[in-house]
Amino acid sequence: MWLSWVVSCQAGEEAVEWFDFIAKQAARLLAVRDADLFVLAVHEAVVNAVKEAKRAGGGSRTISLSFFITADDVTVMVEDEGDGISLETIERLASMTLADVLLAESGRGLLLIREAMDAMAWMERPDGRRVLVMAMKRKAGWEGGDG
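Under the numbering used here, the first residue of the sequence shown carries the number 2, and numbering increases by one thereafter.
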């Protein structure tokens with residue numbers, strides 16, 4: 002691993018704005034393959050995390066994003082203090098496409114993330130909660146700087 006860092010803040014609208022800012026800067030500085038899709042995926046994951054944290058315990062919960070950067074890709078792990086996503090929901094989403102939920106009121110976020118990123122997976126914590134992990138390749142030939 003080349004570099005890693007963790008950023009945490011209280012779940013709320015400010016968290017969405019803060020993590021959008023961080024995602025935009027990370028996408029630019031780390032030269033991900035598609036900056037707009039990277040920012041969209043992080044945004045959707047944070048919105049979901051804020052909703053889950055609020056549902057589980059109001060605004061006192063926190064959200065953490067962990068960034069892991071290698072020469073080949075940028076991986077983001079999104080964790081909230083909510084109850085986590087159910088295995089049934091994960092299995093249901095695995096068989097769905099964006100076309101299935103295009104006009105739905107909600108439920109597109111995880112499918113957008115799956116489409117936008119090069120990899121998306123769920124990591125199970127020792128306490129049984131599942132954490133979203135997603136990765137995007139970096140531009141070929143990236144050697145540092147502004148990309």
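Note that CB positions come from ideal geometry on N, CA and C, so glycine has one too.
What's the C-alpha gap between residue i and residue j?
i, j, result
"A117", "M78", "15 Å"
"M135", "A120", "5 Å"
"L88", "D37", "29 Å"
"Q12", "E53", "Checking the displayed sequence, the identity of residue 12 turns out to be Ala instead of Gln. Approximately 9 Å, taken between the alpha carbons."
"M124", "L94", "16 Å"
"W19", "Q26", "11 Å"
Consult DSSP for residue i and reduce its assignment to one of helix, strand or coil.
i, result
"K140", "coil"
"L113", "helix"
"R130", "coil"
"A16", "helix"
Checking 8 Å against the spacing of the C-beta atoms, do residue i and residue j come in under that value?
i, j, result
"L113", "A24", "no"
"E82", "G58", "yes"
"W6", "T71", "no"
"D21", "V51", "no"
"R131", "I86", "yes"
Excluding sequence positions up to five away, which residues of its chain have a Cβ less than 7 Å from the Cβ of residue i?
i, result
"R139", "L31, A32, V33, R34, D73, D74, V75"
"V48", "V17, G110"
Note down, in chain order, each residue of its chain lying with its Cβ closer than 6 Å to the Cβ of residue i, except the 5 sequence neighbours on either side.
i, result
"S9", "T63, S65"
May I have a chain-ordered list of the beta strand (DSSP E) segments no shorter than 3 residues that lie completely inside the segment 24-103? Listed in chain order, the complete beta strand (DSSP E) runs (minimum 3 residues) inside the segment 24-103 are 63-70, 74-81.
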